[in-house]
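J.: Below is the structure I would like to discuss, written out as structure tokens.
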Amino acid sequence: LDGSQPFSYEVKRAEFDKILIDNAVSKGVRVHEGVRAKRVEFRHDSTHLVQAEDRAGNTITYEAKFVVDASGRDTFLSGQFGGKYRNPSHNSAAVFGHFEGVRRLPGKDEGNISIVWFDHGWWWIIPFKDGTTSVGAVCWPSYISTRKVPLEEFLWDTIALCAPVAERMAKATLVGQAYAAANYSYRRSTMRGDGYLMVGDAFAFIDPVFSSGVHLALNSATLGADVVDAYLRKSPEYQRHLQEFERSVRLGVKTYSWFIYHFTQPAFRNLFMSEGSKFKMEEAILSILAGDAFGKSPTRLPIFLFKIAYYLVYLFNFRENWTAFQRRIRGVPETVTTLKDYALHDRR
């Protein structure tokens, strides 16, 4: 990637969403806040009818020449069509919250995200500019299902199981309440149809470990805009744009998926944390994890070599890695699937 931009931004989701929506308005987009889409009636060779409801419960109908589902993990059109399925290769659930008093990294690393492995999965520690910090654990469902106490207490108990996280949170206090999210990883078999597209998490969601969601969403939205433009202009390039949209979206999801599926394997940790970098493997991995997931840089050979090394290390420590693999692909217990596909308050 371009080395002139060696940083990223840590943002609160609500604030970032406000920036995005205000930018859309400034570009001429009409935004209807407090309105929830309920259903779309797709009509062949005609406009489509989007049925919605406002805060007062009134029904509103909009006509649309093309529908873009950007509903994120609410997966609006998947709810109407069906076809959304849990990713059998990656079962996980999360507990998290916002805290004050979390010790930050020293010096120029103060604003950087921290990723911490532990026996039941991994932790994120994301510092915000207002002094608060998002802290969460993405865990195997087999661990989440052991919860017998209120969610906040369970989160603190989980923090105590990971010494590096517990040390940084020795003086921390929870702001608001704890949250939980389950069924993290899903996708749909198709992302497009006659008169519609699904962009970002509306099509697929893998895992937040590499903070890839916004990047994948913006990439699919950028390419999706070309599709919609060609469709409305009845351009002969419409099919080409449509194919490029699907190719790029699937490539991005596939590229990140491999690293996410293997991220918690002992073989991956041993390789990733080892000293020294041969054949530019470390640079290639960091480039991909920083956003170069669409084959635009010469990373193919170093990544191929890294994968060979990974499988060799996996075989050398087969028992340990096989145990971790089995834990990752186990089905989500019933006690976890009662949670929704998005963050919600604990209701105990």
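Under the numbering used here, the first residue of the sequence shown carries the number 1063, and numbering increases by one thereafter.
Glycine included, each C-beta is placed from N, C-alpha and C at the ideal position.
Being a predicted model, the structure only gives us computed values, none of them experimental.
Counting only the same chain and skipping the five closest in sequence on each side, list residues whose C-beta sits under 7 Å from that of ALA1279.
T.: Working through the sequence shown from its first residue, we reach residue 1279 at position 217. Taken in chain order, the residues that qualify are VAL1261, GLY1262 and ASP1263.
J.: Please work out which residues of its chain come closer than 8 Å, Cβ to Cβ, to VAL1051, disregarding the five sequence neighbours upstream and downstream, and give them in chain order.
T.: This structure cannot settle anything about residue 1051, because the visible part of the chain is limited to 1063 through 1410.
J.: Which residue wins for smallest C-alpha separation from THR1385, given the options THR1326, GLU1214 and ILE1187?
T.: Your numbering for residue 1385 matches position 323 in the sequence shown. When THR1326, GLU1214 and ILE1187 are compared, the shortest CA-CA separation from THR1385 is found for THR1326.
J.: Less than 8 Å between C-beta atoms, sequence neighbours within five positions excluded: which residues of the same chain meet that for PHE1356?
T.: Position 294 of the sequence shown, counting from 1, holds the residue named residue 1356. For PHE1356, where only same-chain residues beyond five positions count, the Cβ hits under 8 Å are ASN1281, SER1310, LEU1313, GLY1314 and THR1317.
J.: Extract the residue ranges of the alpha helix (DSSP H) inside the segment 1283-1354, only unbroken runs of 4 or more that lie entirely within it.
T.: Runs found: 1300-1325, 1328-1334 and 1343-1351.
J.: Leaving out five residues on either side along the sequence, give the residues of the same chain with a beta carbon under 7 Å from the beta carbon of LYS1074.
T.: As a working note, residue 1074 is residue 12 in the sequence shown. Cβ neighbours of LYS1074 beyond the five flanking positions: PHE1190.
J.: Compute the distance between the beta-carbons of SER1196 and ILE1188, then report whether it is under 8 Å.
T.: Translated into positions along the sequence shown, residue 1196 becomes position 134. Translated into positions along the sequence shown, residue 1188 becomes position 126. Yes. Within cutoff.
J.: Can you tell me where the alpha helix (DSSP H) with VAL1375 in it begins and where it stops?
T.: Reading the sequence shown from its first residue, position 313 is the one you call residue 1375. Counting along the chain, the alpha helix (DSSP H) containing VAL1375 begins and ends at 1362-1378.
J.: At a cut of 8 Å, does the segment 1164-1183 reach the segment 1296-1307 through at least three beta carbon pairs?
T.: no
J.: With a cut-off of 8 Å, do at least 3 Cβ pairs link the segment 1102-1121 to the segment 1207-1217?
T.: no
J.: Under DSSP, the beta strand (DSSP E) around GLY1141 begins and ends at which residues?
T.: Sequence index remark: in the sequence shown, residue 1141 carries index 79 (1-based). Not the beta strand (DSSP E): GLY1141 falls in the alpha helix (DSSP H), residues 1138-1143.
J.: In chain order, what residues of the same chain lie with their CB nearer than 7 Å to the CB of SER1133, ignoring the 5 residues before and after it?
T.: Counted from its first residue, the sequence shown places residue 1133 at position 71. Once the five neighbours on either side are set aside, the close Cβ partners of SER1133 are ALA1264.
J.: Beta-carbon within less than 8 Å of THR1006's beta-carbon, same chain only, minus the 5 sequence neighbours each way: which residues are those?
T.: What is shown of the chain runs 1063 to 1410, which leaves residue 1006 out entirely.
J.: For PHE1081, count neighbouring C-beta atoms within 10 Å of its own C-beta (all shown protein chains included) and say buried if the count is 16 or more, exposed if not.
T.: Looking up residue 1081 in the sequence shown gives position 19. The question names Phe, but residue 1081 is Ile in the sequence shown. Label assigned to ILE1081: exposed.
J.: According to the neighbour-count rule (16 or more other Cβ atoms, all chains shown, within 10 Å of its Cβ), is HIS1182 buried or exposed?
T.: Walking along the sequence shown from the start, residue 1182 turns up at place 120. Buried, since its Cβ has 16 or more Cβ neighbours within 10 Å.
J.: Classify ILE1177 as helix, strand or coil using the three-state DSSP reduction.
T.: Taking the sequence shown and counting its residues from 1, one reaches residue 1177 at position 115. In the structure shown, ILE1177 sits in a strand (DSSP, three-state: E or B).
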